[in-house]
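Colleague: This is the structure I want to talk about, given as structure tokens.
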Amino acid sequence: MKLGGVGGIHMNNIKASISTEIGAVINHEFFARLQKGEFTQHQIRLYAEQYYLVSKAFVEFLLLGSLSIKDDGHRSALIKNLFDEHGRGNNDGGHRVLLERFIQSLNGSIKNIVPLDKTSVYIHGMRDLCHNGSQLEVLGALGPGCEFVTQQMYQSIYEALKNVYNFNDDDLIFFKSHIVHDPKHEKDIEDTIRCLVKNNTNDAIISGAKQSLILEKIFWDGIYESI
Numbered sequence: 000m001k002l003g004g005v006g007g008i009h010m011n012n013i014k015a016s017i018s019t020e021i022g023a024v025i026n027h028e029f030f031a032r033l034q035k036g037e038f039t040q041h042q043i044r045l046y047a048e049q050y051y052l053v054s055k056a057f058v059e060f061l062l063l064g065s066l067s068i069k070d071d072g073h074r075s076a077l078i079k080n081l082f083d084e085h086g087r088g089n090n091d092g093g094h095r096v097l098l099e100r101f102i103q104s105l106n107g108s109i110k111n112i113v114p115l116d117k118t119s120v121y122i123h124g125m126r127d128l129c130h131n132g133s134q135l136e137v138l139g140a141l142g143p144g145c146e147f148v149t150q151q152m153y154q155s156i157y158e159a160l161k162n163v164y165n166f167n168d169d170d171l172i173f174f175k176s177h178i179v180h181d182p183k184h185e186k187d188i189e190d191t192i193r194c195l196v197k198n199n200t201n202d203a204i205i206s207g208a209k210q211s212l213i214l215e216k217i218f219w220d221g222i223y224e225s226i
């Protein structure tokens, strides 16, 4: 598969079209208060345990999304993402393993985590979108609607947990790993979008991205309300 630009599509234009939804996520009050050091260990643990459920579900999103992609070459962006999610063949480097390490540093556990109502709304909504959406909706949801904002969120979370709450880098390896890998995942998906889009039709991409971002804000609302 040769990836490249197609007929005038510009990812910056797509991101401009979803800027309101992006801002609602990355400027969420949860992150502002985390950066100010206003949360207790118990409150951070609540977030981390709920996010573990999201991390588990993200694997499903990638698997379901891969089924919607028709061409093997186009599907590779999501398959490579899945490979990273599973530690690139090293289970000790799997993302759930790394996140569990952080949860354990908070004296928490991944056993019997009960999802908040809004965590369930996010997971079920994204699962449905990745299962039933068109391939461009799925790529919009997982690329500009997910990977683009996730790398910014993880940078903010990592800096707050390290510099304000004094966690060490070993505890925070889950976040550091994503800061390294997510820009590549985003680029892979964007390259695939450029290859698939015809006649400057960005509507499906924007629709998928907006749905993903609206659902993600619901998740963060649930965390913030519980805290």
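Here the sequence shown is numbered in numbering that gives the first Met the number 0, starting from 0 and rising by one per residue.
All C-beta atoms in this analysis are idealised placements derived from N, C-alpha and C, irrespective of residue type, glycine included.
None of these values were measured; they are calculated from a predicted model.
(1) Pick out whichever of Phe101, Lys183, His85 has its Cα sitting closest to the Cα of Gln49.
(2) Spatial neighbours of Leu230 within its chain, please: C-beta separation below 6 angstroms, excluding the five flanking residues on both sides.
(3) Using CA atoms only, rank isn't needed, just tell me which of Ala23, His180, Asn12, Phe173 is closest to Ile213.
(4) Rounded C-beta distance between Met152 and Ile25? I'm assuming under 8 angstroms.
(5) Since I believe Ile17 is in contact with Lys209 (beta carbons under 8 angstroms), could you give me their beta-carbon distance rounded to a whole number of angstroms?
(6) Could you have a look at His9 and say whether DSSP puts it in helix, strand or coil?
(7) Kindly indicate which three-state DSSP category Lys55 falls into: helix, strand or coil?
(8) Can you name the start and end residues of the alpha helix (DSSP H) that Pro182 belongs to?
(9) Is Asn201 helix, strand or coil when you go by DSSP?
(10) Let me make sure I understand the geometry here. Which of Tyr164, Leu171, Asp170, Glu146 has the alpha-carbon closest to that of Glu189?
(11) Taking the straight line between their C-alpha atoms, what separation do you get for Asp127 and Ser133?
(12) Does DSSP classify Asp83 as helix, strand or coil?
(13) Are the CB atoms of Val53 and Tyr121 within a distance shorter than 8 angstroms?
(14) Give the single residue among Gln34, Gly88, Tyr51 whose Cα lies nearest to the Cα of Asn162.
(15) In chain order, what residues of the same chain have a beta carbon less than 8 angstroms from the beta carbon of Leu115, not counting five sequence neighbours either side?
(16) Can you list, in chain order, the residues of its chain with a C-beta nearer than 7 angstroms to that of Leu97? Leave out the 5 residues immediately preceding and following it.
(17) How should Glu37 be labelled, buried or exposed, when 16 other C-beta atoms within 10 angstroms of its C-beta is the threshold for buried?
Modeller: A quick look at the data gives this:
(1) Counted from its first residue, the sequence shown places residue 49 at position 50. If we check each option's Cα against that of Gln49, Phe101 comes out closest.
(2) Not covered by the structure: residue 230. The range shown for the chain is 0 to 226.
(3) Sequence index remark: in the sequence shown, residue 213 carries index 214 (1-based). When each option's Cα is compared against that of Ile213, the closest is Ala23.
(4) Here the question's residue 152 lines up with position 153 in the sequence shown. Here the question's residue 25 lines up with position 26 in the sequence shown. So it is a contact: roughly 6 angstroms between Cβ atoms.
(5) As a first step, residue 209 is located in the sequence shown; it is residue number 210 there, counting from the start. As a first step, residue 17 is located in the sequence shown; it is residue number 18 there, counting from the start. Contact holds; Cβ gap of about 6 angstroms.
(6) Taking the sequence shown and counting its residues from 1, one reaches residue 9 at position 10. The answer is coil: DSSP assigns His9 none of H, G, I, E or B.
(7) Against the sequence shown, residue 55 aligns to sequence position 56. Lys55 falls in the helix class under three-state DSSP.
(8) Position 183 of the sequence shown, counted from the start, is the residue given in the question as residue 182. First-last of the alpha helix (DSSP H) with Pro182: 172 to 195.
(9) Reading the sequence shown from its first residue, position 202 is the one you call residue 201. Coil, per DSSP.
(10) Start at 1 with the first residue of the sequence shown, and residue 189 comes out as number 190. Among Tyr164, Leu171, Asp170, Glu146, the Cα nearest to that of Glu189 belongs to Glu146.
(11) Residue mapping note: residue 127 aligns to position 128 of the sequence shown, counting from 1. Residue mapping note: residue 133 aligns to position 134 of the sequence shown, counting from 1. Each residue's alpha carbon lies about 11 angstroms from the other.
(12) Along the sequence shown, read from residue 1 onward, the residue named residue 83 stands at position 84. In this structure, Asp83 counts as helix in the three-state DSSP scheme.
(13) Residue 121 sits at position 122 when you count from the first residue of the sequence shown. Residue 53 sits at position 54 when you count from the first residue of the sequence shown. Yes, Cβ-Cβ distance for Tyr121 and Val53 is below 8 angstroms.
(14) For the purposes of this step, residue 162 is taken as residue 163 along the sequence shown, with counting starting at 1. Of Gln34, Gly88, Tyr51, the residue nearest in Cα terms is Gln34.
(15) For the purposes of this step, residue 115 is taken as the residue at position 116 of the sequence shown. Within the same chain, Leu115 has close Cβ partners Gln49, Gly221, Ile222, Ser225.
(16) Position 98 of the sequence shown, counting from 1, holds the residue named residue 97. Ile172, Phe173, Ser176, listed in sequence order.
(17) For the purposes of this step, residue 37 is identified with residue 38 of the sequence shown, where counting begins at 1. Exposed is the call here.
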